[in-house]
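Novice: Structure incoming, see below.
Chains as they are written, first to last, in the UniProt record's numbering: chain E, 1 to 941; chain R, 1 to 304.
As structure tokens, then:
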């Protein structure tokens, strides 16, 4: 079988194919001897035969089908394997697999998993424990030893990570574990990318006396990654790197995307043969460049092919100059305060250490800012004028504001866009008839053209420009009377911009308006950075939350739970770790780009270290060996099914007239289904009863009124007798027929079954536990009602504030409950009309109000006889000892006398109970009854 | 499973002598039975007093619109306001040809049948011969005898049959003339077109035919099931059906269609077509044919 990539587990079984002729002979013999009949109308029969003829032997194709079936079964029993592969010899002691799942492994991760699974399969034969470590995972993750099944689960749970591998730590950990498993096989599944300290880490791992080593490495390291992206003066440059050993030329494109993932630019990158670095350029206007959010190499599905951009590429440095030292107590009058606040979101502020211009200006220029804002600078010393003008000529943008110092300094054609009239204009002052001027529409020529005119801004002081013919061209913003508000002029590659007002809110309220921020943002966007400045050690340390992460597959994704905030600043570059995978950190307003590769990164292929033990070199490949037994058997089974169908068809099963046969078949199928159902039914309805079910069913099969078992036998007996009396009264007077009274232990019993729980407060009874009160609280929240009865209406001294012990206990209990605001039952409350019309709710005593939850609004009472409102009060409090009045003995006689002894009071007490129960069960239904006349009236029409 | 149908006599199609003897041995029994059957229908056969073609006056009857004007008896009609036609008494001697199919397929007799088809056909033929001879008609067997009139017509026919060396499967019918009746007894299992082509001569000559199909119940109901090998007794052709019951419906349709087509064709020509099953009495068919033979007049529109 060398011509076919097929091998057999039991080739002996193939001799069974010799049986095929016998099977063929047997199949040919099958038809029985027919019954011979003389039949005169044979000619008529012969015409029928032409349509439905069945020869006395089965057709040749059916025979062939059956022979094929037999052959397939024989072949399947011989356990054929397609594409048989070499078994990897693994040690019986253990198999230690270290797998690189760093960023380069993402494109062909499935190949790596398949290779690892093959190794696991081979180790499974030896039942060897398997150590499974991944170099891009945290070193402290679990590495085993696993069984083969666990190892597979673990393997399938691991995904490639968008971070570099950490071989030293992980290898050290595996080596540690291997100390206890000498003679193991070490399988190293590398990603082919060299890393720092590879020599030592491999030495650590291989120093554990392994029996042999399986070394798996990709055939070629063809990863191409983005190393840098630079925003230059007139173009955007992208640099990609690849392994230097790669001799083939490569052409690829990089796409540039904005923050909405729209592709707004393309760059072609060409690697010439043998080249490890290549660049591509995108020449687009800088406004568009500012929208660049990330760059991705097309067709490279890994994290290195994506590079996120942050404000460093587009963020401008803005130098701030002011001659007024900052006075912390008068911060709002500081000339730079509003400018700083306006620029903060989108620019890096650079401030000189000293306010002295001679030091400050060179200090600023050394940091190569894109913009220098002069708050209230008048005259510049000669020594700094020249560098400043040179900086402007090279592209710097100088933004100046009017101030009294500027006016006194006089005209300066180099550092001012227009020549000024010396002196300021005051509008709307106490000695002026003029009103403060609003700002007119921005001229369509300037950069503010598309901003809306700030209607709320007025200017009361300004400096005026000399009316020169080119003033209009230089004007970016004007006031309503046409005088310029902002003027600008080119100076070489740069420009100078003058705001004709002061940067504080004293001259105009422009600095405190939103337009000011927008105007400054435009100006800063127009500017361009004058070069990179080194990271400054003194920059503050900021902690940025993860915003959008680069996934291992090279796409942006929201951060997952493992990602930690990134510490930025403090002079060090944050490392790419599993805690801080590459991506954008920060927020929508501003992000910090945390990229995988440094701009000078190189991708070196990994060299196999010298290994003293036997090494088996493998490549990543899918397991192509296929056990053909199952497919063959499946095909044979399918053929059997087809054969069955054919036999049925030949037998006339599908003839519609064969009702009897069909019915028999249907009955058979039904029988099979029914029997299988019967078999499964008991499983489906397995035991799901729980203890307490019977009690629960008892409790809910009838409406039952509950009372709290206080623990005091006498009180409980009265409660029970009271509820019994009320129940009897309810049965007599209403349609409601409650069940037996239910005594509940609030600490244990399920309360949700009862609409109302009567709770006689007894100071002598033990205080209910916290948990029990919590249960009561939950019961009340879920819609139950507790009727507290302190039974002490006449226990208090009249007119004293002293509370009875029962009231004290009630207060203790309620202290732990979420009790809503309470009120005595108002005269128009539903409770007074739920069944009987009752002005009061007496019990054994009379006089205590019944407290219920306060209705939300009592105003809407104009035309209504009853108060509206949804819901039912979760709590009722009385002191009238209702249960005492309701209580009856076995003969139906009242047990306790009422105070005063008035038979009607007992009746009223019972009626109060009926109203309470009805209110409980029907809610605000009664309050809706007020609509009945209106409804009836409508129905009548 | 026992066989359903069988050949009632040893199949010896080629042996003419054996057939003759067999037939001769059968004839006496058949004659007896034929006489017995005839005696049941003999009543009503007396008196041939009816109008027809003849010399003597029979009756005057009112002229009916559509009759030939030449047939009006003007002398009688002149006597009153009505127009009369003179009918004459039927006097012409009538020839009735009898023929029964004696091919091997007629030997078939199934379990549910009482006699074979051949036996039934001969019984019917001899019974008719007996009947017709008694009433003085001339009878004949095409291909065997010329028309003759004799009191013992059935015996003479039987002796002729017994002495016949070989009988054609389908006799030449061209000698049968107009105003003759022919009774053809057979199973008519040949294709309808062949039967029609054979009988077309009769139609063209204006003879009136009475077809009696002798059918075995097994042929009609097709009670076969299971794997069955069918043999044609005439040609020896064989067909094996894997499941004979599957064929039954289509076969029955075809069988009935053949009979219906033939019957419709006969009805169109004014002929009669009678079906007699071998599990029923021969008298059924005899009565039916008797009525068809005595039906008034010749040609289309005759009462069956």
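Note that CB positions come from ideal geometry on N, CA and C, so glycine has one too.
(1) Report the option in 701/E, 635/E, 308/E whose CA atom is closest to the CA atom of residue 229/E.
(2) Going by DSSP, name the residue or residues bridged to residue 277/R.
(3) At what residues does the alpha helix (DSSP H) containing residue 337/E begin and finish?
(4) Distance, Cα to Cα, residue 263/R vs residue 650/E?
(5) Once you ignore the five residues that flank residue 509/E on each side, which residues in its own chain have a CB closer than 7 angstroms to its CB?
(6) Please identify the residue among 833/E, 779/E, 838/E, 74/E whose C-alpha is closest to the C-alpha of residue 819/E.
(7) If the criterion is Cβ atoms closer than 8 angstroms, does the pair residue 121/R and residue 100/R meet it?
(8) Would you list the one or two residues that DSSP bridges to residue 615/E?
(9) Thinking C-beta only, is residue 171/E closer than 8 angstroms to residue 98/E?
(10) Once you ignore the five residues that flank residue 515/E on each side, which residues in its own chain have a CB closer than 7 angstroms to its CB?
(11) Runs of 4 residues minimum, wholly inside the stretch 415-495 of chain E: which ones carry the alpha helix (DSSP H) assignment?
(12) Within 8 angstroms of any Cβ in chain R, is that where the Cβ of residue 647/E sits?
(13) How is the beta strand (DSSP E) around residue 182/R delimited, first residue to last?
(14) With a threshold of 8 angstroms between beta carbons, is residue 4/R in contact with chain E?
(15) Can residue 241/E and residue 254/E be called in contact, C-beta distance under 8 angstroms?
(16) Straight-line CA distance for residue 273/R to residue 130/R?
(17) Short of 8 angstroms in beta carbon distance, which residues of its chain neighbour residue 1019/E, apart from the five on each side in sequence? Order them along the chain.
(18) Look up residue 904/E in the DSSP assignment and say whether it is helix, strand or coil.
(19) Tell me which residues of the stretch 217-237 of chain R have at least one Cβ-Cβ distance to chain E shorter than 7 angstroms, keeping chain order.
(20) Could you name the residues that DSSP lists as bridge partners for residue 347/E?
(21) If you compare alpha carbons, which of 192/E, 180/E, 189/E is closest to residue 209/E?
(22) So residue 121/E contacts chain R; which residues on that side make the cut at Cβ distance below 8 angstroms?
(23) Got a sec: is the Cβ-Cβ distance from residue 45/E to anything in chain R below 8 angstroms?
(24) Whole alpha helix (DSSP H) runs in the stretch 110-180 of chain E with 4 or more residues, listed along the chain?
(25) Can you check which of these residues, 156/E, 816/E, 822/E, 607/E, is closest to residue 220/E by C-alpha distance?
(26) Under 8 angstroms, Cβ to Cβ, is there at least one residue of chain E near residue 201/R?
(27) Given a limit of 8 angstroms on CB to CB distance, which residues of the stretch 248-277 of chain R reach chain E?
(28) Could you tell me the distance, in whole angstroms, from the CA atom of residue 150/E to the CA atom of residue 95/E?
(29) Check whether the Cβ atoms of residue 117/R and residue 216/R sit closer than 8 angstroms, and answer yes or no.
(30) Considering Cα atoms alone, identify which of 823/E, 724/E, 901/E is closest to residue 892/E.
(31) Would you mind giving the Cβ-Cβ distance between residue 632/E and residue 76/E, rounded to the nearest angstrom? I have them listed as a contact below 8 angstroms.
(32) Following the continuous beta strand (DSSP E) through residue 549/E, name the residue where it begins and the one where it ends.
(33) Within the same chain, show all residues whose beta-carbon is closer than 6 angstroms to that of residue 595/E, passing over the 5 residues directly before and after it, in chain order.
(34) Is it true that the CB of residue 426/E sits closer than 8 angstroms to the CB of residue 496/E?
(35) Out of 761/E, 917/E, 702/E, which one is the CA nearest neighbour of residue 712/E?
(36) Between residue 942/E and residue 155/E, what straight-line distance do the alpha-carbon atoms span, to the nearest angstrom?
Specialist: So, to answer that:
(1) Nearest neighbour of residue 229/E by Cα position, chosen from 701/E, 635/E, 308/E, turns out to be 308/E.
(2) The partner list for residue 277/R (beta bridge, DSSP) reads 215/R.
(3) 337-343
(4) Distance between the alpha carbons of residue 263/R and residue 650/E is about 37 angstroms.
(5) Result list for residue 509/E: 457, 458, in chain order.
(6) 779/E
(7) Yes, they are a contact pair.
(8) 213/E
(9) yes
(10) 451, 454, 457.
(11) 471-474
(12) no
(13) From DSSP, the beta strand (DSSP E) with residue 182/R extends over 181-186.
(14) yes
(15) No. Outside cutoff.
(16) Going by the C-alpha atoms only, they are around 21 angstroms apart.
(17) There is simply no residue 1019/E to check, as chain E begins at 1 and stops at 941 in what is shown.
(18) DSSP places residue 904/E within a helical segment (H, G or I) once states are collapsed to three.
(19) 219, 224, 226, 227, 228, 229, 230, 231, 232, 233, 237
(20) 316/E
(21) Nearest of 192/E, 180/E, 189/E to residue 209/E, Cα basis: 180/E.
(22) Chain R residues near residue 121/E: none, gap ~53 angstroms exceeds 8 angstroms.
(23) Output row for residue 45/E: interface = yes.
(24) 148-157, 167-178
(25) 607/E
(26) No, because no Cβ of chain E sits closer than 8 angstroms to the Cβ of residue 201/R.
(27) 249, 250, 251, 254, 255, 258
(28) 14 angstroms
(29) Yes, the pair counts as a contact, with Cβ atoms nearer than the cut-off.
(30) 724/E
(31) Sure, about 4 angstroms apart at Cβ, within 8 angstroms.
(32) 546-550
(33) 307, 582
(34) No. Outside cutoff.
(35) 761/E
(36) One cannot answer for residue 942/E here, as it falls past the ends of chain E, which runs 1 to 941.
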